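See below for the structure under consideration.
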Amino acid sequence: MLLRTTDPFRDLDRLTQQLMGTTNRPAVMPMDAWREGDRFVIEFDLPGVNADSIDLDVERNVLTVRAERVARNGDWEPLASERPRGAFSRQLVLGDNLDLERIEAGYSDGVLRLVVPVAEKAKPRKIEIKGASGAGQHAELTS
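Numbers 126 to 268, taken from our numbering, label the letters of the sequence shown in order.
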């Protein structure tokens with residue numbers, strides 16, 4: 126006897142809501158993130174989104190990205206409709222070691238690219254050791 130603990134229709138409904146979005150949960154916004162030296166790069170896929178509809182906010186250390194792909198208006202009959210439309214939203218919690226005042230953003234070919242520099246206080250520093258003849262030594266940070 127086979128016991129099934131999941132409902133395949135519930136799983137399909139959950140997947141559809143994640144991909145297509147609902148009023149409670151906006152559609153998915155795929156992203157990649159990586160580090161290049163002293164900066165972090167984040168790219169979001171937003172094909173077909175007008176740059177004017179993209180909104181970026183930073184509050185404390187939370188970055189919020191919002192965008193909208195509008196539906197077509199006019200006299201047309203859809204034959205296939207697989208691309209999600211409507212509001213897209215994504216929030217990222219950024220660490221204290223990033224300089225949120227100097228975030229750069231660009232949008233090209235349907236990709237939103239953010240460059241977030243590492244804060245000066247988080248960059249590695251050399252520590253100079255000063256010594257006195259015979260007496261105890263102390264360390265001092267230099268930038």
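By construction, the Cβ of each residue, glycine as well, lies at the ideal position given by its N, Cα and C atoms.
The structure displayed is predicted, hence computed values, not measured ones.
Pairing valine 195 with arginine 210 gives a Cβ-Cβ distance under 9 Å. At a Cβ-Cβ threshold of 9 Å, phenylalanine 169 and valine 236 count as neighbours. In this structure, DSSP gives leucine 223 an extended state, which the three-state scheme calls strand. Only residues of its own chain outside the window of five on either side were considered, and among them Leu217 and Leu219 have a CB closer than 6 Å to the CB of leucine 188, listed in chain order. Distance from the CA of isoleucine 252 to the CA of glutamate 226, rounded to the nearest whole angstrom, comes to 27 Å.
Assignment of beta-bridge partners to tryptophan 201 by DSSP yields no partner.
Secondary structure at glutamate 207: coil, using DSSP grouped into helix, strand and coil.
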